[in-house]
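In full-length UniProt numbering, the protein residues as written are 1 to 221. To keep things clear, I will list the structure first and then write my remarks on it.
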């Protein structure tokens, strides 16, 4: 079963930019209907995580065994040498699930970013390639795990989950978000500007129309 990760909307509507060389801009602060709930929820109910610049990857586990590895748009092949590292990551995860007897992960899709040298700008994060978990989908219940469950099971698997960041502004008004984003540095490398943030409701499990949004530096600059 190939299940593409839901398309993530932006926190603000992107409008055509009047600046040369820029296609879009978010500084109007217009709220999108799809992500509007985030603007009206208490900040303490939201989780802010660094948006990692890597390759989107999903690991399908069925009965504790890797049935396929997927990128954003297609399933990888074990016969393709360029995909070999994806399967090394997936097989290691399935071994840990089996060895630790983690029943909750026997039928899931574990989504994450593969980053490191030669993967997007991932060489700015680590010297070696690494898989960083950002979500887990329960195939049996047709729901995503809550954020706290994602971090718990990533820890059980001895994997990083995308790092939480402290949002130090009083609200999600566009001027506050812009100031925060433009000053943001990567948790993994303080010399490297973070790509942006992902904002989600801590207890959201919906398979569609999720209470989740992204906002990137390049949406403002």
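C-beta: ideal position from N, C-alpha, C; glycine also.
### Task
Please go through the same chain and pick out, in chain order, the residues whose beta-carbon is closer than 6 Å to the beta-carbon of residue 170, but skip the five residues on each side of it.
Residue 170 sits at position 170 when you count from the first residue of the chain shown. In its own chain, leaving out the 5 sequence neighbours on each side, no residue places its CB closer than 6 Å to the CB of residue 170.
### 7 Å Cβ cutoff met for residue 48 and residue 187
By 1-based counting over the chain shown, the position of residue 48 is 48. By 1-based counting over the chain shown, the position of residue 187 is 187. The Cβ-Cβ distance between residue 48 and residue 187 does not fall below 7 Å.
### Message
Let me make sure I understand the geometry here. Which of 200, 205 and 130 has the alpha-carbon closest to that of residue 213?
### Response
Your numbering for residue 213 matches position 213 in the chain shown. Closest option to residue 213, Cα to Cα, is 200.
### Rounded separation between residue 10 and residue 215 - CA only
As a first step, residue 10 must be located in the chain shown, where it is residue number 10. As a first step, residue 215 must be located in the chain shown, where it is residue number 215. Between the alpha carbons of residue 10 and residue 215 lies a distance of about 6 Å.
### Task
Go ahead and label residue 108 buried or exposed: buried means 16 or more other beta carbons lie within 10 angstroms of its beta carbon, across all protein chains shown.
Residue numbering aside, residue 108 sits at position 108 when the chain shown is read from its first letter. By the neighbour-count rule (16 or more Cβ atoms within 10 Å), residue 108 is buried.
### Query
How would you write the range of the beta strand (DSSP E) that residue 162 sits in, first residue to last?
Residue 162 sits at position 162 when you count from the first residue of the chain shown. DSSP places residue 162 in no beta strand (DSSP E); its state is neither H nor E.
### Message
Here's the rule I'm using: 16 or more other beta-carbon atoms within 10 Å means buried, otherwise exposed. How should residue 203 be labelled?
### Response
Locating residue 203 in the chain shown gives position 203, counting from the first residue. Of the residues assessed, residue 203 falls on the exposed side of the cut-off, its CB having fewer than 16 other CB atoms within 10 angstroms.
### Query
If we count the other Cβ atoms within 10 Å of its Cβ and call it buried at 16 or more, is residue 36 buried or exposed?
Here residue 36 refers to the residue found at position 36 when the chain shown is read from its first residue. By the neighbour-count rule (16 or more Cβ atoms within 10 Å), residue 36 is not buried but exposed.
### Message
Which residue wins for smallest C-alpha separation from residue 115, given the options 94, 5 and 89?
### Response
Working through the chain shown from its first residue, we reach residue 115 at position 115. For the set 94, 5 and 89, the Cα lying nearest the Cα of residue 115 is the one of 89.
### Query
How would you call residue 208, buried or exposed, if buried means at least 16 neighbouring beta carbons within 10 angstroms?
Taking the first residue of the chain shown as position 1, residue 208 is located at position 208. With fewer than 16 other Cβ atoms within 10 Å, it is exposed.
### Alpha-carbon to alpha-carbon, residue 2 and residue 74
Locating residue 74 in the chain shown gives position 74, where the first residue counts as 1. Locating residue 2 in the chain shown gives position 2, where the first residue counts as 1. Spanning the alpha carbons of residue 74 and residue 2 requires a straight line of approximately 8 Å.
### Message
According to DSSP, is residue 82 part of a helix, a strand, or is it coil?
### Response
Taking the first residue of the chain shown as 1, we reach residue 82 at position 82. In the three-state DSSP reduction, residue 82 falls in the helix class (H, G or I).
### Message
I need the boundaries of the beta strand (DSSP E) containing residue 56, first residue and last residue.
### Response
If you number the chain shown from 1, residue 56 lands on position 56. Segment 55-62, the beta strand (DSSP E) holding residue 56.
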